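Colleague:
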Amino acid sequence: MMFIIDISGSMAEKVAASASRYLGDGAEVKGNTKLAFVKAELIRTIKSLPNDAKFDIITFEKEAKYWRGAQTLADEKGKKQAVNFVDNLNANGGTNVYEALQSS
343 MMFIIDISGS MAEKVAASAS RYLGDGAEVK GNTKLAFVKA ELIRTIKSLP NDAKFDIITF
403 EKEAKYWRGA QTLADEKGKK QAVNFVDNLN ANGGTNVYEA LQSS
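Anchor point for the sequence shown: position 45 equals 387 in our numbering, and the numbering is continuous, going up by one each time.
1. With DSSP run on the structure shown, which of helix, strand or coil describes residue 401?
2. Which residue from 436, 345, 437 and 435 puts its Cα closest to that of residue 381?
3. In the DSSP assignment, the beta strand (DSSP E) including residue 388 goes from what residue to what residue?
4. For residue 343, name the three-state secondary structure that DSSP assigns.
5. How would you call residue 421, buried or exposed, if buried means at least 16 neighbouring beta carbons within 10 angstroms?
6. I need the boundaries of the beta strand (DSSP E) containing residue 406, first residue and last residue.
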């Protein structure tokens, strides 16, 4: 499985939705930006993966970058590392969707 996440500057835009009304099971929205909601949902999804699943993450802004560059086992350690990675993402730069899709 491959997750592709936009971390370009536009993801820092504020959203009208309230995090207190977000109903994503197991998700914690930390802020009121597009990226805050996307990160919460991606973290919820990662935590829900079966332990024998394999996954990686591609982030993109002006360039696409792999988290690992190889499929990672969704065991407790892999999930914890991925959640930490996603939790620390910040929005900046331009948007180059094509490179991210080409990388996957």
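C-beta atoms are modelled at their ideal positions from N, C-alpha and C, and glycine is treated no differently.
Just so you know, these numbers come straight off a predicted model, no measurement behind them.
Modeller: On the basis of the data shown:
1. strand
2. 345
3. Element bounds for residue 388: not the beta strand (DSSP E) but the alpha helix (DSSP H), 376-390.
4. coil
5. Per the 10 Å Cβ criterion, buried.
6. 406-408
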